[in-house]
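For reference, the structure is listed below as structure tokens.
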Amino acid sequence: MDKAEVIQKAKLAEQAERYEDMAFCMKEVTEQGAELSNEERNLLSVAYKNVVGARRSAWRVIASIEQKTEGSDNKVAMAKEYPSRPAETWVGMTPTRFAALEQVQGVRKELLDKYLIVKSTNPESKVFYLKMKGDYYRYLAEVASEHDKKETIKSSQDAYQEAFDISKKDMQPTHPIRLGLALNFSVFFYEILNNPEQACILAKQAFDDAIAELDTLNEDSYKDSTLIMQLLRDNLTVSICTSAGSFIFSHCLLLSE
Numbered sequence: 001m002d003k004a005e006v007i008q009k010a011k012l013a014e015q016a017e018r019y020e021d022m023a024f025c026m027k028e029v030t031e032q033g034a035e036l037s038n039e040e041r042n043l044l045s046v047a048y049k050n051v052v053g054a055r056r057s058a059w060r061v062i063a064s065i066e067q068k069t070e071g072s073d074n075k076v077a078m079a080k081e082y083p084s085r086p087a088e089t090w091v092g093m094t095p096t097r098f099a100a101l102e103q104v105q106g107v108r109k110e111l112l113d114k115y116l117i118v119k120s121t122n123p124e125s126k127v128f129y130l131k132m133k134g135d136y137y138r139y140l141a142e143v144a145s146e147h148d149k150k151e152t153i154k155s156s157q158d159a160y161q162e163a164f165d166i167s168k169k170d171m172q173p174t175h176p177i178r179l180g181l182a183l184n185f186s187v188f189f190y191e192i193l194n195n196p197e198q199a200c201i202l203a204k205q206a207f208d209d210a211i212a213e214l215d216t217l218n219e220d221s222y223k224d225s226t227l228i229m230q231l232l233r234d235n236l237t238v239s240i241c242t243s244a245g246s247f248i249f250s251h252c253l254l255l256s257e
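With the UniProt record's numbering, letter number 169 in the sequence shown gets 169, and the count goes up by one each step, no holes.
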């Protein structure tokens, strides 16, 4: 099957909300070895964002249930047991689907390291993929064991920092990918490193730099850039208005820039 047909299948899978199928198609496109176009890059991002997002949401629900079941030993035990139960006992999830979901993070990392990052010929693509890599390790850090967490956090921070350095050197402050990176990097500082001060500094600098150069914003990226700027501003507003100095960070994975 040629590349155009596989991409068409990926688009159909997206319309049908069959994101695992979509991810499989985009994996096949990536493994053909050519640098992805912007459209292909965004299809890949959408596919893995949705597959991984469903898994992350499940873990967050379980964690929330566990926190809310104090005083009920049976409920606490059930909540703690749930994530480690055999795949076939999960409601609505067959072993095959579960296995595919478990593999998706490792597959995405392999695609990033083996094909996408090394073949990037422009700063925009390299920053985009390094940001994806930082996101990948950040998601793992959310559920990593104490034994693995330190190395996972370092891998996330290294990827974000490399992307951040490139974006500051080669991209406009109003570029939506640069802004999205700043947003997610600030989330990393707050949620993973428990460093709200650095999160605030990073978010504020990104917002202020973009405001100062609004005249460089082109029509194609106006909607995406201003949306992320609004998220940055909302986070900063919340941090100022909350006595504890806490943030309500919005997780942003750019899909169409």
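Every residue, glycine too, gets a C-beta built ideally from N, C-alpha and C.
Small disclaimer: the values here were computed from a predicted structure and weren't measured.
The beta carbon of alanine 159 sits closer than 6 Å to those of Leu130, Lys133 and Gly134, all from its chain and outside the five residues before and after it, given in chain order. By the neighbour-count definition (other C-beta atoms within 10 Å, threshold 16), asparagine 184 is a buried residue.
Assignment of asparagine 195 by DSSP, reduced to helix, strand and coil, places it in the coil class.
The alpha helix (DSSP H) runs lying completely inside the stretch 124 to 192 and spanning 4 residues or more are 146 to 170 and 176 to 187, given in chain order.
Here isoleucine 192 is near serine 156, since their CB atoms are less than 8 Å apart. Between the stretch 59 to 68 and the stretch 145 to 152 there are fewer than three C-beta pairs closer than 8 Å, too few to call the two in contact. By the Cβ criterion, the stretch 162 to 182 is in contact with the stretch 217 to 226, since at least three pairs of Cβ atoms, one from each stretch, lie closer than 8 Å.
Take the alpha-carbon of valine 29 and the one of asparagine 122: they are about 19 Å apart.
Between leucine 214 and asparagine 235, the alpha-carbon positions lie close to 20 Å from each other.
Secondary structure at isoleucine 65: helix, using DSSP grouped into helix, strand and coil.
In the three-state scheme derived from DSSP, where H, G and I count as helix and E and B as strand, asparagine 50 is classed as helix. Between the alpha carbons of serine 120 and glutamate 35 lies a gap of roughly 7 Å.
When the alpha-carbon of glutamate 31 is set against those of Val51, Pro196, Arg138 and Lys3, the nearest one is in Lys3.
Scanning Asp165, Val127, Leu232 and Leu217 for the CA closest to the CA of phenylalanine 207 turns up Leu232. The Cβ atoms of alanine 23 and valine 51 sit closer than 8 Å to each other.
In the DSSP annotation of this structure, the continuous segment of the alpha helix (DSSP H) that includes threonine 30 starts and ends at 19 to 30. When DSSP states are grouped into helix, strand and coil, threonine 226 belongs to the helix group. Taking the Cα positions, aspartate 165 is about 36 Å away from arginine 18. In the structure shown, aspartate 2 adopts coil according to DSSP, grouped into three states.
Pairing cysteine 25 with leucine 217, the inter-Cα distance amounts to about 33 Å.
The residue from Leu140, Phe189, Val187 and Ile228 with its alpha-carbon nearest to that of proline 173 is Ile228.
With distances taken between CA atoms, glycine 53 lies nearest to Tyr136 out of Ile201, Tyr136, Lys168 and Thr237. The three-state reading of DSSP puts lysine 119 in coil, since its state is none of H, G, I, E or B.
In the three-state reduction of the DSSP assignment, asparagine 218 falls in the coil class, being assigned neither a helical nor a strand state. Ranked by Cα distance from serine 37, the options Glu14, Ser145 and Glu124 are led by Glu124. When secondary structure is reduced to three states using DSSP, glutamate 40 falls in the helix class.
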